[in-house]
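Visitor: Residue numbers (the UniProt record's numbering): 7 to 329. Backbone N, C-alpha and C fix where the C-beta goes; we use that ideal spot for every residue, glycine too.
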Amino acid sequence: PLPFLYTVDHIGPGHAREALARDVLAGLTACPKWLPPKWFYDATGSALFERITRLPEYYPFRRELGLLREHAPEIARLTGAENLVELGSGTSEKTALLLEALREAGTLRTYTPVDVDGETLEAAARRVSAAHPGLAVWAVRADFERHLALLPRIGRRLVAFLGGTLGNLEEEARASFLAALRETLVPGDCLLLGADLVKDTGRLVAAYDDAAGVTAAFNRNVLAVLNRELGADFAPEAFAHVALYDARRHRIEMRLRATRTMRVRFRVPSLEVGFRAGEEMRTEISAKFYRYLLERELARAGYVPVRWYTDPGQDFALALAEV
Ligand code: AVJ
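#1: From Phe295 to Phe272, what distance separates their C-alpha atoms?
#2: Quick check on the burial criterion: 16 or more other C-beta atoms within 10 angstroms. Buried or exposed for Phe10?
#3: To the nearest angstrom, how far is it from the Cα of Leu90 to the Cα of Asp321?
#4: Tell me which residues share the same chain as Gly237 and place their Cβ nearer than 7 Å to its Cβ, disregarding the 5 neighbours each side in the sequence.
#5: Kindly list the residues whose CB is nearer than 6 Å to the CB of Glu88, restricted to its own chain and excluding five residues on each side of it in sequence; keep chain order.
#6: Which runs of the beta strand (DSSP E) fall wholly inside the stretch 234 to 285 and span at least 3 residues, in chain order?
#7: By Cβ distance, which residues of its chain are closer than 6 Å to Tyr12, with the 5 residues on each side in sequence left out?
#8: In chain order, which beta strand (DSSP E) runs of at least 3 residues are fully inside the stretch 52 to 93?
#9: Tell me whether Cys37 is buried or exposed, calling it buried when 16 or more other Cβ atoms sit within 10 Å of its Cβ.
#10: Taking just the CA atoms, how far does Gly170 sit from Gly200?
#11: Looking at Ser292 and the ligand AVJ, is the gap between the Cβ and the nearest heavy atom below 6 Å?
#12: Assign Pro7 to one of three DSSP states: helix, strand, or coil.
#13: Distance, Cα to Cα, Ala27 vs Leu324?
#14: Please state whether the Cβ-Cβ distance between Val270 and Phe240 is less than 7 Å.
#15: Smallest Cα separation from Ala213: which of Asp29, Val14, Gly18 and Pro66?
#16: Over what stretch of residues does the beta strand (DSSP E) that includes Val146 continue unbroken?
#17: At which residues does the beta strand (DSSP E) containing Glu177 begin and terminate?
#18: Sort Gly280, Leu156 and Leu168 by Cα distance to Thr101 and report the nearest one.
#19: Could you tell me the boundaries of the alpha helix (DSSP H) in which Val211 lies?
#20: Is the beta carbon of Arg226 less than 7 Å from the beta carbon of Glu259?
#21: Inspect the beta-carbon positions of residue 338 and Leu93 and report whether they are closer than 7 Å.
#22: Have a look at Trp45, Phe183 and Pro62 and flag the residue whose alpha-carbon is nearest the alpha-carbon of Ala218.
#23: Out of curiosity, what's the CA-to-CA distance linking Trp314 and Ala293?
#24: Which ranges would you report for the beta strand (DSSP E) in the stretch 90 to 126 if only whole runs of at least 3 residues count?
#25: Just to confirm my understanding: we take Ala142, look at its own chain, exclude 5 residues before and 5 after, and list those with CB closer than 7 Å. What are they?
#26: Taking 6 Å as the cut-off, is the C-beta of Thr171 nearer than that to any heavy atom in the ligand AVJ?
#27: So which of Ala136, Glu301, Asp123 and Ala130 has the shortest CA-CA distance to Thr50?
#28: Over what stretch of residues does the alpha helix (DSSP H) that includes Gly33 continue unbroken?
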């Protein structure tokens, strides 16, 4: 049979630039300055992130892959999911493990990759559609913080939100996200969350400040995105990469520090911002979790934790929850 592949676009052409302009107006006029991490992932940023996942210091990717290799069959049996919904569809190896296990379990009917980046989405949809003839693939270009209610509801669902990307959200944004997702689920649906766990500060910081400088390039690349999309005149090399661990909030913060006083001009919106020498702009948070706190966040949002899978060193966890 012909592979079934249908794409829905809730972002639309040109939307990204308007959304980026809004985020810049809000974040770069704030004190301290900040940017949402979703703007990292242009083609260059996505390629740099791909390299990050293979760095010796960046353990989360391979820990989660190992957990999926070991537990995907049980997750498939426990959930009986007919539709795998993947929020952030860049994680192809992990997707293959889940799809294979669901196919083995005999329940798989549909795959719904969800990503804000159209190219990543198309690539994931084509790859899966080619590997699974007969599988219906509904690709949805959407922002998981805004469009959850628009996701197609086809049969018993397993929503996978992997990589620890939940940690990019501040606590209140996590609560909103989990509640909004919960609204779209019915009994029998499940959520599979990847969560990076609290550990030795040195290992946490190293994972975000690797010796080869790939994470530094990934961080600085967001300035190239602003230059290209909004006609800004950032000098990326004038910013130093900063990765620190905020133990009180148990989260990594990535920042870009201005190495000298400078003024940056934007064409669209016509905006000019100043940086004092040493001023730091926050570009990402990556929260690290304790089991009991994450399970409490899940319970408060209306989920029932079913399984907690972790590696022997308890570096990373997969939490399976039902509604
Ligand atoms: C893709 C958001 C899970 O937070 O670890 C990797 C992104 N940032 N290195 C993370 C990231 C710096 C990654 N997530």
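Guide: According to the structure data:
#1: 37 Å
#2: exposed
#3: 26 Å
#4: Phe272, Arg273 and Val274
#5: Excluding residues up to 5 positions away in sequence, Thr113, Arg115, Gly161 and Arg162 lie with their Cβ nearer than 6 Å to the Cβ of Glu88 in the same chain.
#6: Entirely contained in the stretch 234 to 285, the beta strand (DSSP E) runs reaching 3 residues are, in chain order, 245 to 252, 257 to 264, 268 to 272 and 277 to 281.
#7: Trp144
#8: 89 to 93
#9: exposed
#10: Answer to the nearest angstrom: the Cα atoms are 5 Å apart.
#11: yes
#12: Bear in mind that a pLDDT of 45 at Pro7, under 50, signals an unreliable position, so the number given afterwards is only what the model happens to contain. Coil, per DSSP.
#13: 35 Å
#14: yes
#15: Pro66
#16: Ala142 to Arg147
#17: Premise fails: Glu177 lies in the alpha helix (DSSP H), Glu177 to Glu189, not in any beta strand (DSSP E).
#18: Leu168
#19: Counted as a single uninterrupted DSSP element, the alpha helix (DSSP H) harbouring Val211 occupies residues Thr207 to Ala213.
#20: no
#21: Past the boundaries of the shown model lies residue 338; the chain is included only from 7 to 329, so the question cannot be answered.
#22: Comparing alpha carbon positions, the residue from Trp45, Phe183 and Pro62 closest to Ala218 is Pro62.
#23: 18 Å
#24: 116 to 121
#25: Phe10, Arg115 and Thr116
#26: yes
#27: That would be Asp123, whose Cα lies nearest to the Cα of Thr50.
#28: His21 to Gly33
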